[in-house]
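Residue numbers (the numbering used here), protein chains in the order written: chain A, 1 to 205; chain B, 206 to 410. Encoded as structure tokens, the structure appears first; notes follow it.
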């Protein structure tokens with residue numbers, strides 16, 4: 001079952017050492033684009049806006065991305081790459097099922113602290129849910145891949161209704177992100193951990 | 206304890222019959238503004254954009270709202286009024302505690318179907334979490350009022366950790382909204398209802 005978000009396999013093929021200077025520049029630009037989109041939204045992420053933020057020329061950016069749509073799709077792919085690198089990959093050592101789910105949730109809480117504007121997916125999913133097109137499709141495919149992975153691990157944990165269980169896991173971690181972003185109160189992560197502990201206790205009963 | 210979102214008390218003082226024509230016009234304009242904001246975002250809700258959508262003159266709208274900020278704040282208040290009218294008020298017949306929580310969740314699912322762009326709060330919370338100012342403050346106050354009410358009813362239901370319980374309720378209903386908006390799959394509401402049933406079973410144990 002494919003769970004890596006769209007575009008990630010190719011983006012992660014080269015290791016840091018083997019990437020060319022052009023690839024490294026592109027990755028650095030996209031890292032900034034992901035953060036900017038998490039703060040200002042993906043729709044406002046134009047080549048001009050990003051060039052101004054980076055202190056680069058627009059023509060320099062056009063060499064990497066031919067259009068606003070190219071840039072937006074590359075940003076979604078880079079956000080998926082960050083998600084895989086920070087949430088999925090470091091959890092792979094944990095056995096399938098409950099330990100993997102616990103590891104992914106903890107890494108998710110670390111991961112959202114790396115964004116200036118909160119979880120990229122939390123910001124862009126609500127921004128694009130009413131904007132049909134390739135950007136929305138790319139965001140939806142990545143979110144779907146995350147849900148599929150949560151369902152797969154819920155099955156491995158022996159849950160009888162993995163779709164419901166995965167939905168709850170998704171709701172708790174995304175809910176923690178949105179509550180934290182608006183309230184600024186870090187205690188919401190304690191509430192989310194208590195909710196996850198309660199979900200895990202369900203496995204034992 | 207105050208749980209009605211900011212601005213709602215005054216907005217609901219007049220009944221439909223006693224409202225003047227000007228008040229009814231203003232309410233109709235704001236109803237459209239809430240929907241437009243749920244689709245396009247609140248930041249794009251300018252007097253010019255709303256006037257074009259309604260086929261009204263900009264000067265006609267300026268008679269109701271002196272500035273974009275006035276319009277945005279009035280739209281947040283109107284969204285809070287819709288939330289109270291559709292989620293809180295119809296649940297007041299249910300006794301405090303578990304029955305009230307169940308009623309509010311069901312009315313919430315009906316209520317989000319009334320928006321063109323999904324729950325106003327789901328859309329605007331992530332849009333404004335990084336934009337300090339009076340609009341963000343008004344959104345945060347309304348969200349906080351909703352959480353406070355969920356905590357109050359969780360206490361009435363006899364939960365030992367009402368903050369955690371209220372957070373889970375919030376996460377499940379908001380998670381259902383965001384998953385539905387992006388996937389278009391109505392089965393997410395079945396998953397959310399199963400999650401709420403599981404939360405309610407916790408009360409009996």
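Beta carbons: idealized from backbone N, C-alpha and C, even for Gly.
Three-state class that DSSP yields for residue i in the structure shown
i                      : result
residue 209 of chain B : Confidence in residue 209 of chain B is poor, its pLDDT being 43 and thus under 50, which makes the residue's placement unreliable; the coordinate value appears in the next sentence. The answer is coil: DSSP assigns residue 209 of chain B none of H, G, I, E or B.
residue 172 of chain B : Chain B is shown only over 206 to 410; residue 172 of chain B falls outside these bounds and no answer can be derived.
residue 281 of chain B : helix
residue 60 of chain A  : helix
residue 43 of chain A  : coil
residue 26 of chain A  : helix
residue 236 of chain B : helix
residue 116 of chain A : coil
residue 109 of chain A : helix
residue 65 of chain A  : coil
residue 224 of chain B : coil
residue 336 of chain B : coil
residue 389 of chain B : coil
residue 253 of chain B : helix
residue 260 of chain B : coil
residue 377 of chain B : helix
Residue closest to residue i, alpha-carbon to alpha-carbon, out of the options
i                      : options                       : result
residue 124 of chain A : A:26, A:23 and A:34           : A:34
residue 167 of chain A : B:223, B:392, B:369 and B:319 : B:392
residue 401 of chain B : B:314, B:390 and B:357        : B:314
residue 87 of chain A  : A:184, A:98, A:106 and A:180  : A:106
residue 307 of chain B : B:268, B:341, B:358 and B:340 : B:358
residue 299 of chain B : B:362, B:399, B:396 and B:342 : B:362
residue 375 of chain B : B:334, B:339 and B:356        : B:356
residue 26 of chain A  : A:65, A:147 and A:111         : A:65
residue 159 of chain A : A:184, A:201, A:191 and A:45  : A:201
residue 425 of chain B : B:338, B:320 and B:351        : The question about residue 425 of chain B has no answer, for chain B in this structure spans 206 to 410.
residue 350 of chain B : A:42, A:41 and A:182          : A:182
residue 68 of chain A  : A:43, A:90 and A:57           : A:43
residue 340 of chain B : B:250, B:226, B:228 and B:229 : B:250
residue 303 of chain B : B:384, B:389 and B:360        : B:360
residue 129 of chain A : B:337, B:333, B:335 and B:327 : B:327
residue 399 of chain B : B:227, B:244 and B:377        : B:377
residue 131 of chain A : B:275, B:244 and B:396        : B:244
residue 369 of chain B : A:20, A:175 and A:100         : A:175
residue 325 of chain B : B:223, B:286 and B:354        : B:286
residue 104 of chain A : A:37, A:192, A:61 and A:89    : A:89
residue 127 of chain A : A:71, A:137 and A:41          : A:41
residue 113 of chain A : A:91, A:21 and A:177          : A:177
residue 389 of chain B : B:366, B:275, B:323 and B:253 : B:323
residue 133 of chain A : A:70, A:148 and A:162         : A:70
residue 352 of chain B : A:179, A:20, A:96 and A:149   : A:179
residue 100 of chain A : A:50, A:24 and A:149          : A:149
residue 316 of chain B : B:289, B:301, B:342 and B:255 : B:289
For residue i, the first and last residue of its enclosing alpha helix (DSSP H)
i                      : result
residue 151 of chain A : 134-156
residue 87 of chain A  : Counting along the chain, residue 87 of chain A falls outside any alpha helix (DSSP H), and DSSP gives it neither H nor E.
residue 329 of chain B : 325-333
residue 159 of chain A : Residue 159 of chain A -> no alpha helix (DSSP H), and no H or E assigned at all.
residue 392 of chain B : 392-409
- Query: Using 8 Å as the Cβ pair cut-off and three pairs as the minimum, do the segment 342-349 of chain B and the segment 269-289 of chain B touch?
  - Reply: By the Cβ rule, the segment 342-349 of chain B counts as touching the segment 269-289 of chain B, because three or more pairs are nearer than 8 Å.
- Task: Select from the segment 93-127 of chain A all residues with a C-beta closer than 8 Å to any C-beta belonging to chain B, and list them in chain order.
- Result: Those would be 116, 117, 118, 122, 123, 125, 126 and 127, in chain order.
- May I ask you to list, following chain order, the residues of the segment 149-172 of chain A that have a beta carbon less than 8 Å from some beta carbon of chain B? Of all residues in the segment 149-172 of chain A, 161, 163, 164, 167, 168, 170, 171 and 172 have a Cβ within less than 8 Å of some Cβ in chain B.
- Contact residues within the segment 227-239 of chain B, judged by C-beta distance below 7 Å to chain A: Those would be none; no residue qualifies.
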